[in-house]
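Right, one structure below, let's go through it.
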Amino acid sequence: MIKGIKIQRKMGQEFEGGYSRIRVIHGQRKGQTPRYIIRCGCCRAPRLDIHYDEDGQGLEINGINGSIKNWSDILLPLLGIAPDKKRR
């Protein structure tokens, strides 16, 4: 299981820089992989579904499957984090 993601369900919580705090919900439907649902903190905009393998090998983000390495290569630079060279 992915650790360290704080669950936040309340709307209208202000975060640093004047942004609304992103709402995060964790769950698992019967017969499906565990998932996180990410929603806007200030409105009811469409959600982002992130399903993950319990063995930690893959992620499905809004229906797009990829390995952890694939998603890291795409998302880490957007967050200003250098990809880990050891995982290559």
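Residue numbering for the sequence shown follows the numbering used here, starting at 971 and increasing by one per position.
All C-beta atoms in this analysis are idealised placements derived from N, C-alpha and C, irrespective of residue type, glycine included.
- As a beta-bridge residue in DSSP terms, S990 pairs with E984.
- The C-beta distance from N1032 to L1018 rounds to 6 Å, short enough to fall under 8 Å.
- Annotation for I1007: the continuous beta strand (DSSP E) segment containing it runs R1005 to R1009.
- The continuous beta strand (DSSP E) containing N1035 extends over residues I1034 to S1037.
- Nearest to H1021 by C-alpha distance, out of E1030, A1052 and G988, is E1030.
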